[in-house]
Structure formats: C-alpha cells, structure tokens
Amino acid sequence: MARWFRSEHMEYISLIVNEDAAHDCLADLGQLGCLQFTDLNPDLTPFQRRYVSYVKRCDELERKLRFFAQECDKFSLPIESAGRVEDFLLQSSGAEGG
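So for the sequence shown, this note's numbering puts the first residue at 26; every next one is plus one.
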C-alpha cells in the first residue's frame, strides 16, 4: 500500500511512453500503488482532453448495463457474476503474452 508522508523519500521523474504501450505500462505501475501523477495540461477542461470519448463510451455502457439489470429484476431473472475484474485482467494479459 502506498504511503504519502512528507518525510518519505520521493523523486520527480518524467516518463514518456509510446501511446500503444501506455495502457499496459500504466496498468502495471498502478498495481504497484506508489505513483502520483502531475497534470501537464492544467489549462484544459475535462471535455477538451483526448480521452473524453472513451469516458463517454464507458458511461453509455454503464447506463445500458443498469438498464439490463433493472429489466432482469423486473422479470425476476437471476444475474450471475462473471467474476472479478482483476481476474479478467490477469487472464487477458496472460493470453496476450502467450
């Protein structure tokens, strides 16, 4: 677990990652839990950022999933869990490497 105390040793580094490798790289670094990001474009609003279309797609998918869950509840259809997200990510990263 990350600890953020003023007295802890920290370094400020710049990491430049190819866009194709960014997702995997940040996912691996995020698993470490010892990073803090600095926004290099603080003057941009959230709607001016490049990833806005991805966030909108996720929001739309979440809305559709909520709708399907409500419909299943309405008709008393059982919903089974597909498993944990972490397990899926580990499985999919293992499939890419092998």
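Think of the CB as a built atom: it goes at the ideal place given N, C-alpha and C, for glycine as much as any other residue.
**Asked** Mapping DSSP to helix, strand and coil, what is PRO67?
**Response** The three-state reading of DSSP puts PRO67 in coil, since its state is none of H, G, I, E or B.
**Item:** Own chain partners of CYS209 with C-beta closer than 8 angstroms, once the 5 adjacent residues on each side are dropped
**Value:** Because the chain spans 26 through 123 in this model, residue 209 falls outside it and cannot be assessed.
**Item:** Inter-residue spacing [alpha-carbon to alpha-carbon] between CYS50 and SER101
**Value:** If you take the alpha carbons of CYS50 and SER101, they lie about 42 angstroms apart.
**Message:** Between the alpha carbons of GLY130 and ALA52, how many angstroms are there, rounded?
**Reply:** Any question about residue 130 goes unanswered here, given that the chain covers just 26 to 123.
**Message:** Quick check for students: name the residue ranges of the alpha helix (DSSP H) that lie wholly in the segment 80-116, counting only runs of 4 or more.
**Reply:** If only uninterrupted alpha helix (DSSP H) runs of at least 4 residues are considered, none is enclosed by the segment 80-116.
**Prompt:** Hey, LEU54 and LEU60: beta-carbon distance below 8 angstroms or not?
**Reply:** Contact: yes.
**Request:** Consult DSSP for GLY119 and reduce its assignment to one of helix, strand or coil.
**Result:** Look at GLY119 here: in three-state DSSP terms it is helix.
**Prompt:** Considering ASP48, what are the terminal residues of the alpha helix (DSSP H) in which it resides?
**Reply:** What sits at residue 48 in the sequence shown is His, not Asp. 44-57 is the span of the alpha helix (DSSP H), which, as asked, contains HIS48.
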